[in-house]
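Numbering (my numbering), first residue to last: 259 to 395. Ideal placement from N, C-alpha and C gives every residue a C-beta, glycine not left out. Values in this document were obtained by computation on a predicted structure and should not be read as measured data. For reference, the structure discussed in these notes is given below.
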């Protein structure tokens, strides 16, 4: 298992999904305290995290937020936890938290199921700058 500081959080995302790639870029821009590290579901690190958490890799089509020594979140719960760590102007997204989790997870699952068709598949690595390279594991 990887080791990251307890004060950091690891986001495991679909590295082939253009929508996921877009949101990783948004997070990199707005995470001024550099709370988040990133790794792709498909990477060795991503697979290691999934194994450590007891999540079956082949059935995984969700984001994972891993908080070292504390917990982990998947699907909509991960999204809401990520939003909590962002600047105040993202708080409007928390309005969806009034919905029951099974509803937000259903919406998440519908989007995840159609993500490649709706947003495309990433075919090249897009980490071009060394200042953000350190945030990827």
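Which residues does DSSP pair with residue i in a beta bridge?
i           : result
residue 347 : In DSSP, residue 347 forms no bridge with anything.
residue 267 : 294
residue 354 : Residue 354 pairs with nothing; no bridge assigned.
residue 338 : DSSP, once it has assigned bridges, lists no residue as partnering residue 338.
List the endpoints of the continuous beta strand (DSSP E) containing residue i.
i           : result
residue 325 : 322-325
Can you name the start and end residues of the alpha helix (DSSP H) that residue i belongs to?
i           : result
residue 306 : 302-311
residue 332 : Looking at the DSSP string, residue 332 is not in any alpha helix (DSSP H); the run it does join, the beta strand (DSSP E), is 329-332.
residue 360 : 359-377
residue 280 : 276-288
State yes or no: is the beta carbon of residue i nearer than 7 Å to at least one beta carbon in chain D?
i           : result
residue 376 : The displayed structure is made up of one protein chain only, and chain D is not part of it.
Give me the Cβ distance between residue i and residue j, rounded to the nearest whole Å; I'm assuming they're in contact under 8 Å.
i           : j           : result
residue 318 : residue 344 : Their Cβ separation, rounded to whole angstroms, is 24 Å, which puts residue 318 and residue 344 out of contact at 8 Å.
residue 336 : residue 322 : 6 Å
residue 295 : residue 266 : 6 Å
residue 275 : residue 394 : Not really, about 16 Å apart at Cβ, beyond 8 Å.
Buried or exposed: which applies to residue i, given that a residue is buried once 16 or more other Cβ atoms fall within 10 Å of its Cβ?
i           : result
residue 303 : buried
residue 416 : The structure shown does not extend to residue 416, since the chain is modelled only from 259 through 395, so no value can be given for it.
residue 308 : buried
residue 365 : exposed
residue 269 : buried
residue 272 : buried
residue 329 : exposed
For this session: Evaluate contact between the segment 308-316 and the segment 360-375, counting only Cβ atoms and requiring at least three cross-stretch pairs below 8 Å.
Result: Too few Cβ pairs lie closer than 8 Å, so no.
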